[in-house]
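Student: Let me begin by handing over the structure; questions about it come next.
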Amino acid sequence: MILLDGKATAETILQEIKQEVDSFRQQGLREPGLAVIMAGNNPASASYVRNKIRSCEKVGFHSQHIHVGEDITQEAILDLVHDLNQDDRIDGFIVQLPLPNQINVDQVIAAIDPSKDVDGFHPMNMGNVSLGREAFISATPNGILELIKRYEIETSGKHVVVVGRSNIVGRPMSILLSRSGYPGNATVTLTHSRTQDLKAITLQADILIAAVGRPNMITADMVKPGAVIIDVGINRVEDSSRKRGYRLVGDVDFEGISHKASYATPVPGGVGPMTVTSLMMNTLKSYKKRVQ
Ligand code: GUN
């Protein structure tokens, strides 16, 4: 089995981005700018946001972390979005999810200028992705596509089974791999919590993408020999032997499938680092459009 090493691939891409940023700076241009709005203190969100800001520093982006309280109002968060829409130093920004319960998430996302929506969550970007047009592809699906490309995994005519229909990962992934071109041209089955006899379907997968958020739900008996396994899950499970008191596991029983798969992503170090990197790629793309 070949490891789809997201960590190493992400590092390579960050180096490539840094070189581009350096060359822009040598031409006397400003550096690309990314802002992150985070509300409250969700520990997983805080960790993701830290990684995003750290990646900005690595590649030489200007970054802005706007951290507001759990009790922020809808009006206040919309004001922040409007300010960032107008801010010439900012090429892209994201609102870290989940947001507190009093916030209407759809309204917040709809307020983001689609040309700065580097998360690709705005209906305009989601729609253009579905139509096969130029758009920001959201970070996790984009990271997976990049991993598939860099490892030159064939997708044309393959049966891709996606487990999980979230707006952030499962559904866009199913759409992207069914589009024409590469990576794409696949036959895609999108499965979810109401799917009957999941195993009968996953056993047909040439490429299996698990994005459900349930530790080790995909076991070796559900995997076809030679399949490519992409594990999007990042689940915290209690582990008293770790300093933090938990460890991260995916949706796939990695040890079990490692004897059957042709390629597989580890957790951590697979899809996760690629997600952050694709946010940087999207921000660079937005920057290039803005300065040119
Ligand atoms: N929460 C979990 N993943 C993401 C992501 O990719 N973007 C944002 N904004 N929030 C998230």
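Taking our numbering, the leading residue of the sequence shown gets 144, the next gets one more, and so forth. Glycine included, each C-beta is placed from N, C-alpha and C at the ideal position.
Rounded to whole angstroms, what's the CA-CA distance from I350 to N194? Just pull it up for me.
Tutor: In a straight line, the C-alpha of I350 is about 28 Å away from that of N194.
Student: With a 10 Å radius around its C-beta and 16 neighbouring C-beta atoms as the bar for buried, classify I311 as buried or exposed.
Tutor: I311 comes out buried.
Student: With respect to the beta strand (DSSP E) encompassing T334, which residues constitute its N-terminal and C-terminal limits?
Tutor: T330 to T334 is the span of the beta strand (DSSP E), which, as asked, contains T334.
Student: Out of D374, E289, P266 and N184, state which residue places its alpha-carbon closest to the alpha-carbon of M360.
Tutor: Of the listed residues, the one whose Cα sits closest to M360 is D374.
Student: Need the endpoints of the beta strand (DSSP E) that I180 sits in, please.
Tutor: Start and end: G176 to A182.
Student: For A449 versus S206, is the C-beta spacing smaller than 9 Å?
Tutor: A query on residue 449 cannot be resolved here, the shown segment of the chain reaching from 144 to 435 and no further.
Student: Using only the alpha-carbon positions, how far apart do K259 and H265 sit?
Tutor: If I take the Cα positions, the gap works out to 10 Å.
Student: For H265, which three-state DSSP category applies?
Tutor: Coil, per DSSP.
Student: Can you have a look at D394 and say buried or exposed, based on whether 16 or more other CB atoms are within 10 angstroms of its CB?
Tutor: The residue in question, D394, is buried, as its Cβ has 16 or more Cβ neighbours within 10 Å.
Student: At the 9 Å Cβ level, is T283 part of the contact set with chain B, yes or no?
Tutor: The chain inventory of the structure shown lacks chain B, comprising one protein chain alone.
Student: Report the residue from P315, G212, T283 and R168 whose alpha carbon sits nearest the alpha carbon of S422.
Tutor: The sequence shown places Leu at residue 422, rather than the Ser named in the question. For the residues P315, G212, T283 and R168, the minimum Cα distance to L422 belongs to T283.
Student: Excluding the 5 residues preceding and the 5 following L341 in the sequence, name in chain order all residues of the same chain whose CB lies nearer than 8 Å to its CB.
Tutor: Cβ within range, chain order: V306, T334 and M365.
Student: How close, in whole Å, do the beta carbons of L290 and M417 come, if the pair is a contact with beta carbons under 8 Å?
Tutor: Confirmed, about 5 Å.
Student: What three-state label does DSSP hand H402 in the structure shown?
Tutor: Coil.
Student: How about L146 and T408: are their beta carbons less than 9 Å apart?
Tutor: Yes, the Cβ-Cβ distance between L146 and T408 is below 9 Å.
Student: With DSSP as the reference, label A219 as helix, strand or coil.
Tutor: Here A219 sits in helix by DSSP.
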